[in-house]
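> The opening residue of the sequence shown carries number 92 in our numbering; numbering runs sequentially from there. Ideal placement from N, C-alpha and C gives every residue a C-beta, glycine not left out.
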Amino acid sequence: MKGKRRFIVVVGTHHWNNRDRVGSVHQVIQEIINPNYNDKTLYADIALLRVNPAFKYKTGDLQGRGAVGPVCLPYSEERFTKKVGVVSGTGATSEYGPMSRYLKSARVNLLNGYYCRRAYDQDFDSKTMICAGYTSGGVDSCQGDSGGPLTMTVNGQVIQIGVVSYGGGCARRGSPGVYTRVASFRNWIRRYTRL
């Protein structure tokens, strides 16, 4: 086991270390990395985690502490443009700043792929990636948020439309965030999850 990475997943809490003890801790027993993942272009920057014990859905207390629930998958053909998503994570709160001890979230505009192609050249693929943020900067995901969700609520359902992938720094003007487009990998996800 020497050199083997060990990961845990903590759910149902806003504290990354579960200090409030309302969340539950789950060991990652399998990492399923998309076989088409390219570490240079970050194409197919998506993975699945199998955990033990399995999650138990619960509503939590009146403030929502301890709540654990599912997130829906988007349909393969769904395209979300000119709308707003919510990105969340415990990454840095400013470029090269300290990591947050609490789960944070931010509303980001879903932008036309033009803005990310302009910022990142050929690395941005609008078929498998989402461009989100503000062209003026100021709000974005940051270091340590990678792998976190970009969600949107549609007709009362929370849908995970993206996965934090990369960006040019944090919240820089002209450098929106790039997210893996979950809809493009729906069939791959369903193969492993049977959803």
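1) If we ignore side chains and look at the alpha-carbon of each, how far apart do V249 and K131 end up?
2) For a test of the three-state rule: what should DSSP assign to N143, helix, strand or coil?
3) Alpha carbon to alpha carbon, how far is Y206 from G253?
4) Taking the CB atoms as reference points, tell me whether M220 and Y270 lie closer together than 8 Å.
5) Whole angstroms is fine: what's the gap from S115's alpha carbon to F98's?
6) Does the distance from the CB of G268 to the CB of D212 come in under 8 Å?
7) Assign M92 to buried or exposed, taking buried as 16 or more other Cβ atoms, counted over all protein chains shown, within 10 Å of its Cβ.
8) Could you give the distance in angstroms between the alpha-carbon of T150 and the alpha-carbon of V245?
9) Locate the beta strand (DSSP E) running through C222, then write down its first and last residues.
10) Using DSSP bridges, identify the partner residues of S115.
11) So which of Q234, N129, S167 and K174 has the shortest CA-CA distance to C222?
12) Taking only three categories from DSSP, how would you classify V273?
13) What does DSSP give as the partner residues of V178 in its beta bridges?
14) With G253 as the anchor, note down where its alpha helix (DSSP H) starts and where it stops.
Concretely, from the data shown:
1) 31 Å
2) strand
3) 17 Å
4) yes
5) 14 Å
6) no
7) Here the model assigns M92 a pLDDT of 38, short of 50, so the residue's position is not dependable and the matter cannot be decided.
8) 20 Å
9) M220 to G224
10) V102
11) K174
12) helix
13) A197 and L241
14) No alpha helix (DSSP H) holds G253; the beta strand (DSSP E) holding it covers Q248 to Y257.
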